[in-house]
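Chemist:
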């Protein structure tokens, strides 16, 4: 098992979300279930989250609780298979041709664009 400092050095993804009900921000670590914190400002929320992460990891080590390491980009192949309606396939193919790119490139563009539009609502990650 790793030491606390070794776990703290790992790049755990932090999610920052505005809290519309209470105000301020909620911060969580998806790879550390139940590890979350809050703060009135982004800076306060992040600082509180780092403290919460340290305490969560220390308690998990002390109790012998299994600690998941952060998801690494090496765990993803960059490929997936997707079944779509024939009409959508045709539409994507036509638009890709209009743009002068492959349908694969066009779909990557659309997915990237949509993902970028969602990021501000999901917070820092």
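In our numbering, the protein residues as written are 7 to 131.
The C-beta atom is built at its ideal place from N, Cα and C for all residues, glycine as well.
On a predicted model such as this, the values are computed, not experimentally measured, just so you know.
Looking at the structure shown, is residue 142 part of a helix, part of a strand, or coil, going by DSSP?
Modeler: Residue 142 lies beyond the range of the chain shown here (7 to 131); nothing can be said about it.
Chemist: Rounded to whole angstroms, what is the Cα-Cα separation between residue 26 and residue 20?
Modeler: Numbered from its first residue, the chain shown carries residue 26 at position 20. Numbered from its first residue, the chain shown carries residue 20 at position 14. About 19 Å.
Chemist: With 16 other CB atoms within 10 Å as the buried threshold, where does residue 59 fall?
Modeler: Here residue 59 is taken as the residue at index 53 of the chain shown, counted from 1. Buried is the call here.
Chemist: Give me the residue from 76, 32, 51, 31 with the minimum Cα distance to residue 13.
Modeler: Position 7 of the chain shown holds residue 13. Closest option to residue 13, Cα to Cα, is 76.
Chemist: Ignore the nearest five residues each way along the sequence and tell me which others in residue 99's own chain have a CB closer than 6 Å to its CB.
Modeler: The residue given as residue 99 occupies position 93 in the chain shown. Excluding residues within five positions, the ones whose Cβ falls inside 6 Å are 109.
Chemist: For the segment 45-78, which segments carrying the alpha helix (DSSP H) assignment without a break, of at least 4 residues, lie completely within its bounds, in sequence order?
Modeler: 48-69
Chemist: Please work out which residues of its chain come closer than 7 Å, Cβ to Cβ, to residue 10, disregarding the five sequence neighbours upstream and downstream, and give them in chain order.
Modeler: Numbered from its first residue, the chain shown carries residue 10 at position 4. Around residue 10: 63, 64, 67.
Chemist: By how many angstroms is the C-alpha of residue 70 removed from the C-alpha of residue 93?
Modeler: For the purposes of this step, residue 93 is taken as residue 87 along the chain shown, with counting starting at 1. For the purposes of this step, residue 70 is taken as residue 64 along the chain shown, with counting starting at 1. Whole-angstrom Cα-Cα distance: 53 Å.
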